[in-house]
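Residue numbers for the sequence shown follow our numbering, beginning at 7 and rising by one.
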Amino acid sequence: MQTKTKFEVNSNLSLILNNFHVDECVNFMKNNMADNSVDLIITSPPYDNLRNYNGYTFNFKEIATELYRITKKGGIVVWIVGDKIKNGNKSLTSFKQALYFQKIGFNVHDVMIYAKKNTPFMRSNAYTNSYEYMFVFSKGKPKTFNPIKEPTVRNGMEMLVANKGADAKNNKVLKELKKEKTKSNIWYYAVGLGGTTNDKEAFQHPAVYPEQLALDHILSWSNEGDIVFDPMCGSGTTCKMAFLSNRNFIGVDISEEYIEISKNRLKKYRD
């Protein structure tokens, strides 16, 4: 079992760390979480009523306001959302929400894409919709960025174009191509059992995102011992991956059924 860093801002926070809680998330944040107390938030809200979350709904503006309050200066919120298509018209709820986050003080640090490798859903008169947005909001300048690297196609010394001027001439200089580069902001994941997760019980929840997606954000925007919060934790993916990467976590969901799923997924790693 991994040892967790004890974090004490107030007595409540030290008591709620590394556990799951059944509550409405705005109520939970107001009653249990201090200002500027969380390093990283990763969540996917029930946007545009595309799934039935046991009939539960959420108050977006109140949630956004509370997230701003509890996020540390330099902290990050990763908001994973998509848009409903009705009568051939996209809602653009995702961007309306992003603009509201910006309005209340967050920087829109990045707009990333979660691309699904194996989506089965087809549209009759448009291309297959196979992505969701991952808005990365920061409270000021991000205090942590640990970029994920990937191999380059070529490496070594090459003559590369440099300082192309108004005359459009290609001036080449000898430069080194590195063996690795920072990934782009489009991330590809397989979905379904074996892609999203190997935990069969997770699919009792109607909308599960890939464990690797959560882990990639956790590694990118936080360090060991930091606090990772999911205010609508669903099947517990964010919290599980935070625990396995030696971060502290707080998971909240209004559904007792979903919290039980979250606990069951994590308990095998806590023994």
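By construction, the Cβ of each residue, glycine as well, lies at the ideal position given by its N, Cα and C atoms.
Buried versus exposed, by CB contacts within 10 Å (16 or more), residue i
i, result
"Asp41", "exposed"
"Phe151", "exposed"
"Tyr59", "Residue placement at Tyr59 is flagged as unreliable, the pLDDT there being 44, under the threshold of 50; a coordinate-derived value is accordingly withheld."
"Gln103", "buried"
"Glu262", "exposed"
"Arg57", "Here the model assigns Arg57 a pLDDT of 47, short of 50, so the residue's position is not dependable, and the following value carries that caveat. By the neighbour-count rule (16 or more Cβ atoms within 10 Å), Arg57 is not buried but exposed."
"Gly61", "The predicted model places Gly61 with a pLDDT of 47, which falls under 50 and marks its position as unreliable; any figure quoted below should be read in that light. When all chains shown are included, Gly61 counts as exposed."
"Val179", "exposed"
"Leu19", "buried"
"Asn24", "buried"
"Glu14", "Summary for Glu14: the model assigns pLDDT 40, below 50, so the residue's position carries little reliability, and this model does not support an answer."
"Ser130", "exposed"
"Ala132", "exposed"
"Pro157", "exposed"
"Thr188", "exposed"
"Lys12", "For Lys12, the predicted structure reports a pLDDT of 38, less than 50, and the residue's modelled location is therefore unreliable. The matter cannot be settled from this model."
"Ala172", "exposed"
"Glu138", "buried"
"Gly94", "exposed"
"Met140", "buried"
"Val234", "buried"
N-terminal and C-terminal residue of the alpha helix (DSSP H) that residue i is part of
i, result
"Ile3", "The question about residue 3 has no answer here: the residues shown for the chain are numbered 7 through 277."
"Met35", "31-38"
"Tyr74", "66-76"
"Leu221", "217-227"
"Phe249", "243-250"
Among the options, nearest to residue i - alpha-carbon criterion
i, options, result
"Asp259", "Pro237, Trp85, Arg253, Lys246", "Pro237"
"Thr134", "Ser144, Asp173, Ala121", "Ala121"
"Asn65", "Ser228, Val32, Arg253, Ile86", "Val32"
"Ile86", "Leu225, Pro216, Met163, Asn38", "Pro216"
"Ile154", "Lys109, Tyr264, Leu219, Lys246", "Leu219"
"Ser190", "Lys181, Asn176, Asp116, Arg160", "Asp116"
"Thr125", "Glu156, Ala196, Lys175", "Ala196"
"Lys145", "Glu164, Phe107, Ala132, Asn161", "Phe107"
"Arg75", "Gly88, Ser100, Arg253, Ile110", "Ile110"
"Leu21", "Leu98, Gly257, Lys273", "Gly257"
"Phe26", "Arg253, Cys239, Tyr275, Lys274", "Cys239"
"Glu68", "Gly88, Phe101, Phe34, Trp193", "Phe34"
"Ala168", "Thr203, Glu182, Arg160, Pro157", "Glu182"
"Met163", "Asn177, Met140, Lys184, Leu225", "Lys184"
"Thr49", "Phe255, Lys274, Asn270", "Phe255"
"Lys149", "Val44, Tyr264, Lys36", "Val44"
"Lys36", "Thr77, Pro51, Pro52", "Thr77"
Extent of the continuous beta strand (DSSP E) run through residue i
i, result
"Lys90", "Careful: Lys90 lies outside any beta strand (DSSP E) and carries neither H nor E."
"Ile119", "113-122"
"Ser100", "That residue, Ser100, is in no beta strand (DSSP E); its alpha helix (DSSP H) goes 99-109."
"Lys178", "178-183"
"Lys147", "Unbroken run through Lys147: none, as it is neither H nor E."
"Met165", "162-167"
"Gly257", "254-259"
"Asp236", "233-236"
"Ile48", "44-49"
"Val28", "25-28"
"Pro157", "155-157"
"Thr188", "186-188"
"Tyr195", "192-195"
Short CB-CB distance (under 9 Å) between residue i and chain C
i, result
"Tyr215", "Note that chain C does not occur in the displayed structure, where there is just one protein chain."
Cβ-Cβ separation, residue j to residue i (assumed contact under 8 Å), whole Å
i, j, result
"Val83", "Met118", "Going by Cβ atoms, the distance from Val83 to Met118 rounds to 13 Å, so no, they are not a contact pair."
"Ser241", "Ile267", "5 Å"
"Leu46", "Asp232", "6 Å"
"Ser251", "Leu221", "6 Å"
"Val214", "Thr244", "In fact, because the Cβ distance is near 11 Å, the residues do not count as touching under 8 Å."
"Met247", "Ile265", "Going by Cβ atoms, the distance from Met247 to Ile265 rounds to 17 Å, so no, they are not a contact pair."
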